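Below: one structure, written as structure tokens.
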Amino acid sequence: MTHVCKPFSHHGLALSASALCLLIGTAACDNATGTARADAQVRDEAASQLAEDLPPPVTSPEDTELARQEKDVFEALADQPVRLSFTVQVQDQPVNYQRFFALALPGELVEFDIEVPPDTEQPFTFELPDAGESLTGEAAIAWKAPDEPGHYRLTIKDPNTGEQMEITLFVLRPLDEKEDGVLNGYRIGEYEDVPLAGNPVYNKPAGLVEYTEDMEGLPISPHFTIDQFLCKQATSSDVKYLLVQPALILKLEQLLENVNARRGVEADTIFIMSGYRTPYYNKSIGNVPYSRHVYGDASDIYIDEIGNDGVIDDLNDDGEITRADAAWLYDMAEELDNTALDIGLRQGGIGEYGANAAHGPFVHVDTRGAPARWGR
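Okay, structure coming up:
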């Protein structure tokens, strides 16, 4: 359903204090969270807790075919603008991409605040999901997630320019519904009860995205789809579960933009060799329990635009595929991380890995909230 932005347009949602503040712009409604604050506990963690020190699964022919399928998806979207002339605060993060996403538990209030360009004549309009309850203002939306997990779409339109932003709203399956480490037939395992060193970024997640086959190829940003971040574990379950944090996608989008600008090419995406891992799977491959992969804000990555052959491209143009190509990508990631706070991104870990019998060279990137480096 389409709605024109009017002050205090109410669609079945009781005015909470936070939603009311959103619409009237009260400064007292600064809804900062622990994960949005700079990490005050920057320290030299033990290497066993810092590094993702075991290889992810073997790069397989299936991975190569997946890369080709992803290329087809992004080529179909290539004519759409990547960045828009307006910005939306999506859960406290500034976003100006033509497509993005948000995460919410059932019943949770999700808030969007539009930074309207000056001299805008016609008001923005919204296409709201039929599910859930909503409240709209001149340049703001508050949406109460429905009780049923799934994915829903919100569209924000600027009639002055014809631009629009599509936001996929993922209503999570609460983790407290799992029994004996299993959620709807999919083995999750157990998260650590106590966050590492009391750091809230290691709190166990409250819910996971419920993935079904109809979500294959579903874009969550201009250059990434939700299925790129699925856990590699084998399952006979009809549904799978994963978690991918918006902060990670914002960082990967910016990294891809920087890589393309530096190399003078147009890679469609970054290949995600390993994204989300369930605690069960993470333990089964011998990784450290506090790996950022289990929290949904880490990826093992490489650029595979040339040939889509499941191996990193010759990024440093020396005519060979070696660890030096991962080093080139590491340097790009570090350059971005060093300026992350200045451009509204989260800092995090970066690790460099060479090839072995299981995989080619790659780089680990995460958004833990404090710098961490390894592999050099």
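Taking our numbering, the leading residue of the sequence shown gets 162, the next gets one more, and so forth. C-beta atoms are modelled at their ideal positions from N, C-alpha and C, and glycine is treated no differently. Because the structure is a prediction, the values reported are computed rather than measured.
For Val-343, the number of other beta carbons within 10 angstroms of its own is below 16, and it is reported as exposed.
With contacts defined by Cβ atoms closer than 8 Å, Leu-296 and Tyr-313 do not form a contacting pair. Taking 8 Å as the upper bound for CB-CB distance, Ile-473 and Gly-521 are in contact here, some 5 Å apart.
As the crow flies, the alpha-carbon of Leu-270 is around 46 Å from that of Asn-517. CA-to-CA, the gap between Ala-459 and Gly-268 works out to about 27 Å. DSSP places Lys-339 in the coil class of the three-state scheme, outside both helix and strand.
By alpha-carbon distance to Leu-264, the top candidate from Asp-486, Ala-422, Arg-453, Val-405 is Val-405. Considering only Ser-398, Glu-299, Thr-373, the residue with the shortest C-alpha distance to Asp-388 is Thr-373.
Under DSSP, His-454 forms no beta bridge with any residue. Going by beta carbons, Ser-435 and Asp-461 fall inside the 8 Å limit. Check the Cα spacing between Thr-281 and each of Asn-321, Thr-248, Cys-392: the tightest is with Asn-321. Proximity of the region 322-341 to the region 426-440 falls short of the contact definition, fewer than three beta-carbon pairs being nearer than 8 Å. By alpha-carbon distance to Gly-311, the top candidate from Met-376, Thr-386, Val-526, Pro-278 is Met-376.
For the pair Glu-427 and Val-400, the CB atoms are not nearer than the 8 Å cut-off. Three or more beta-carbon pairs separated by less than 8 Å are not found between the region 284-294 and the region 254-263, which leaves the two stretches without contact.
Listed as beta-bridge partners of Met-493 by DSSP are no residues whatsoever.
The distance from the Cβ of Ala-485 to that of Asp-479 is about 7 Å, consistent with a contact at the 8 Å cut-off. Note on geometry: alpha-carbon atoms of Glu-496 and Leu-409 lie some 16 Å from one another.
Per DSSP, reduced to three states, the secondary structure at Gln-415 is helical. Annotation for Ser-246: the continuous beta strand (DSSP E) segment containing it runs 244-251. The straight-line gap separating the alpha-carbon atoms of Asn-345 and Leu-417 is approximately 35 Å. For Tyr-313, no alpha helix (DSSP H) encloses it; the enclosing beta strand (DSSP E) starts and ends at 311-319.
When DSSP reads this structure, Met-326 sits in a beta bridge with Ile-317.
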